[in-house]
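In this note's numbering, the protein residues as written are 558 to 947. Notes follow once the structure below has been shown.
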């Protein structure tokens, strides 16, 4: 079994994306004011991060199958640290957008390789359990990050949040150097770079792999529509405070942790596929509740309650879907674990970027664009999950 320090290191590496996104969510309005940018432009800093993260995964995944996990971790986290400092020093919204793209490109290495390391060490069922446990710990990042970001903002500037991200990146780089062994086998590391990138074709040509990618990626994208849209919907549309928003955000993460815990208890009994199908069904149900509340408007308290309940179910049920789709996908392609992990991550953050972009593009001062986007991607996840044969 994995030792405790290495377990928490892998959890920290998996937390790069939620921490880099959620920490500064309470500061979106402050960034817009200081950089003289519109709400839509500031929301695009989330969108470009998702796009950069997806590209980074595609770049680092196969290379980690060729050159090893450790080298790619060091390369990616170094880029993340330097770009975080650049974000802190940005003087225009255009500069911030470019630096966020680079920051995400570096951070993509951490997420894709942490999953590949787990697959190097465990079989499918045990991988699902370990990934669910890592997800439970990682979920603390989006629960704590918005509240932490709100307190950092009170220190005087949103720029301090990017300084905190740079320091986090440094800590993970040092931790990887001290704790992370090379888990890639010598035989697999002798493959050529061309063969490593051809792993994408091998994985994608497998029909069940595509369904797993769409099931996990679609549900993840629904969550990112929620992440992008709720700062406006909860704070401006429903009139809640930044700290109340952070508490509601945290409640969804608690639901995610609960579902993740249940997954670790059930997966040995049920296998991965039944949990994927159940989680996708619950995600679609939650999305429908969110859409109903959005049509009700922002005047009645019950609309807010219905939306909060819908997101608890929709976001929480990702705890069933994410670890089990990942474990099953990587279990089917152990020789291309880096490429499979990268494709899965690219789908997550690529579709997440599309969802984030859609919410900001159709922004109309109501909750409907966010709710419709959440429903569309939850429906995609449900459709894909029902086509899994195993």
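Quick reminder that beta carbons are idealized off the backbone N, C-alpha and C, glycines included.
Residues in its own chain within less than 8 angstroms of residue 638 by CB, not counting five upstream and five downstream?
-> 663, 723, 726, 727 and 730
Residues near residue 774 by beta carbon distance below 6 angstroms, same chain, minus five either side | 904, 905 and 908
Taking only the alpha-carbon atoms, compute the straight-line gap between residue 889 and residue 601 and give it to the nearest angstrom.
-> 35 angstroms
Hey, how far is the Cα of residue 640 from the Cα of residue 633?
-> 11 angstroms
Starting from the N-terminal side, write out each stretch of the beta strand (DSSP E) that is 3 residues or longer and does not extend beyond the segment 838 to 878.
-> none
Is the number of C-beta pairs between the segment 571 to 581 and the segment 849 to 868 that are closer than 8 angstroms three or more?
-> no
When you compare only the Cα positions, how much space is there between residue 621 and residue 627?
-> 8 angstroms
Coarse secondary structure for residue 923, derived from DSSP in three states = coil
Rank 593, 872 and 793 by C-alpha distance to the C-alpha of residue 812 and give the top, closest one.
-> 872
Relative to the alpha-carbon of residue 578, which residue among 607, 598, 562 and 564 has its alpha-carbon at the smallest distance?
-> 607
Which runs of the beta strand (DSSP E), 3 residues or longer, sit entirely within the segment 681 to 716?
-> none
Of the choices 768, 670, 703 and 643, whose alpha-carbon is the least far from that of residue 658?
-> 643
Residue 586 in three-state terms, based on DSSP | helix
Any 3 or more C-beta pairs closer than 8 angstroms across the segment 932 to 941 and the segment 774 to 786 | yes
Proximity below 8 angstroms, CB of residue 739 to CB of residue 583 | no
Would DSSP call residue 651 helix, strand or coil?
-> helix
Using the rule of at least 16 other Cβ atoms within 10 Å of the residue's Cβ for burial, across every protein chain shown, is residue 852 buried or exposed?
-> exposed
What residue does the alpha helix (DSSP H) around residue 916 start on, and which one ends it?
-> 894 to 918
Apart from the five residues just before and just after residue 832, which ones in its own chain have a Cβ nearer than 7 angstroms to its Cβ?
-> 820, 823, 824, 877 and 881
CA-CA distance, residue 858 and residue 733?
-> 47 angstroms
Nonlocal neighbours in the same chain, by C-beta distance under 7 angstroms from residue 692, ignoring five residues either side | 817, 876, 879 and 880
Alpha carbon to alpha carbon, what distance is there between residue 617 and residue 895?
-> 8 angstroms
Which residues in the same chain have their Cβ closer than 7 angstroms to the Cβ of residue 943, if we skip the five residues on either side of it in sequence?
-> 834
So is residue 921 buried or exposed if we call it buried at 16+ other beta carbons inside 10 Å?
-> exposed
Roughly how far, in whole angstroms, is the beta-carbon of residue 636 from the beta-carbon of residue 782, given that I think they are within contact range, below 8 angstroms?
-> No, residue 636 and residue 782 are not in contact; Cβ-Cβ is about 27 angstroms, not under 8 angstroms.
Hey, out of 629, 603 and 604, whose CA is closest to residue 615's CA?
-> 629
Could you check where the alpha helix (DSSP H) with residue 809 kicks off and where it finishes?
-> 799 to 827
Between 720, 718 and 837, which lies nearest to residue 779 when the distance is taken from Cα to Cα?
-> 837
Rounded straight-line distance, which links the Cα of residue 671 to that of residue 561 = 15 angstroms
Got a sec, what are the start and stop residues for the alpha helix (DSSP H) residue 679 sits in?
-> Unbroken run through residue 679: none, as it is neither H nor E.
In angstroms, rounded to a whole number, what distance separates the CA positions of residue 655 and residue 946?
-> 42 angstroms
Between the CA atoms of residue 850 and residue 842 - distance to the nearest angstrom = 13 angstroms
Would you report the Cα separation of residue 911 and residue 792, rounded to the nearest angstrom?
-> 23 angstroms
Complete alpha helix (DSSP H) runs within the segment 611 to 647 (minimum length 4 residues, chain order) | 626 to 646
Reference residue 830, options 674, 884, 913 and 588, closest by Cα | 884
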